[in-house]
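For reference, the structure is listed below as structure tokens.
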Amino acid sequence: MRHSVKPPIIWLNVLLFLTTFIAAIIAVPWYGMVQGYQAEHWLWLLVAFSFCNLSITAGYHRLWSHKTYQAHPALRVIFAIGGAFALQNSALHWSSDHRIHHKHVDKNDVDPYSAKRGLWFSHIGWMLRHYNKESYHDYGNCRDLQKDWVVMWQHKYYLLLAIATNIGIPLALGLIYHDIAGMLLIVGVLRLVLSHHTTFFINSLAHVWGSQPYTDKNTARDNGILAVLTFGEGYHNFHHIFENDYRNGIYWWQYDPTKWFIKSSQWLGLADKLRTTPKLKIEQAKAKQALKKALEKIEDRPDMQHLKQALNDEFELLVGKIKDYYELKRQLVEHKRSGLVAKYEHSLLLIRYRQIKAERKALQKNWQLMLTHCY
Ligand SMILES: [Zn+2]
Ligand SMILES: [Zn+2]
């Protein structure tokens, strides 16, 4: 009943999304055919697009919404300006929505962009009507952010900042390169449309398309292609289970420029207290999910019921061994750090560690074999 009467349309948003999109698919190529674009147009498109998207991913998302690290005020001001340039509302507003999204993911009446309400709704539809008006009166879930002067400054002057960046930056570039219309189209319009929709993909596609290696308790997916388009945010299944981690792609080979950006900022003294999930927790979640999937696969196979117990036993063994492995690793590091432990004691621990490591490897191999047998 609640959705039988649709909330009123937000005309400003409708017009903004519509006009910029139409301009991007018609005016941008038309001007290209008539006037042509130069290398500087594409270069500044890339710079401005990266500025916008990184301000959203590293700033709005991983810094403000999830507090996965702390940032120097200079960096926070840069994010605040980039976020206004990305035209995705103030950091306070954005984070408030996003915290609700995590807390009530997939609950149609609460999650502001619930993926269960369809691809269109989670991508853009949720911004076209006043669906969540009542949650914005005091931003009660962002009291911590209300103590950050950068957040409050940006919130207060958001409209001014948004107009100044979206018009000012392309205009300035147009004056420098003597092509105001070209720069307004490429760095103004095309950049905005690309930045908008690639970010929106995380709410829509990253909840539909991809794998679920860590949990299937919500719709979030890991997707390497989306990670490329979104500065690393495509590893959304990991993110929804371990939201306090400053990384989304946790392996070195996973494309997550936001993670690299935050780490580089730390080297430059602009970021601090980067939070990561203990490896043990990550591996436990992964093994648990693999077990769940395997048990589901053999559920309707009477010929494979004998595997059920074996799978459970193997899982317990593996998880226990992983625990032992990380505990020994921790002890080794502590020994090294304290420097007080006798040499022979350290050697004994090292031998035990290597033994557990080998046992773990063997168990892991066995586990993989059992899994492939079930799939
Ligand atoms: Zn998030
Ligand atoms: Zn999500």
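If you count the sequence shown from 1, position 131 lands on 131 in UniProt numbering, and the numbers rise without skipping. By construction, the Cβ of each residue, glycine as well, lies at the ideal position given by its N, Cα and C atoms.
Across the structure, Leu348 and Ser338 are spaced so that their CA atoms are roughly 17 Å apart.
DSSP, reduced to helix, strand and coil, places Ala206 within a helical segment of the structure shown. Looking at the backbone, the Cα of Lys217 and that of Thr277 are separated by about 19 Å.
Around the CB of Met183, 16 or more other CB atoms lie within 10 Å, so the residue is classed as buried. Listed as beta-bridge partners of Gln70 by DSSP are Asp272. Relative to ligand 2, Ala220 has its C-beta within less than 6 Å of a heavy atom. The C-beta of Ile167 has fewer than 16 other C-beta atoms within 10 Å across all chains shown, which makes the residue exposed. Unbroken alpha helix (DSSP H) stretches of 4 residues or longer found wholly inside the segment 175-242: 180-183, 191-203, 224-229, 236-241, given in chain order.
Residues of the same chain with a CB within less than 6 Å of the CB of Asp272, apart from the 5 flanking positions on each side, are Gln70 in chain order.
About 5 Å separates the beta carbon of Asn141 from that of Arg99, a gap short enough to meet the 8 Å contact definition. Straight through space, the alpha carbons of Ile225 and Ala74 are spaced by roughly 32 Å. In the three-state DSSP reduction, Arg129 falls in the strand class (E or B).
The count of Cβ pairs closer than 8 Å, one atom from the segment 76-93 and one from the segment 110-117, stays below three, leaving the stretches out of contact. Inter-residue distance for Leu340 and Arg330 is about 16 Å (C-alpha atoms, whole angstroms). Sixteen is the threshold: since fewer than 16 other Cβ atoms of the shown chains lie within 10 Å of the Cβ of Tyr251, the residue is exposed.
According to the DSSP secondary-structure assignment, Ile9 is paired through a beta bridge with Arg129. Contact between the segment 20-32 and the segment 203-211 is absent: fewer than 3 CB-CB pairs across the two stretches fall below 8 Å.
Residues of the same chain with a CB within less than 6 Å of the CB of Thr199, apart from the 5 flanking positions on each side, are Ile56 in chain order.
If you draw a 10 Å sphere on the C-beta of Trp11, you find fewer than 16 other C-beta atoms in it, and that means exposed. Here DSSP, grouped into helix, strand and coil, assigns His104 to coil. In the structure shown, Ile56 falls within a helical segment according to DSSP collapsed to helix, strand and coil. Contact check between the segment 227-246 and the segment 154-161: fewer than three CB pairs, one atom from each, fall below 8 Å, which does not count as touching. For Gly320, the secondary structure class from DSSP, reduced to helix, strand or coil, is helix.
Note that the C-beta distance between Arg221 and Gly210 is below 7 Å. Put simply, the backbone Cα of Gln35 is about 25 Å away from that of Leu16.
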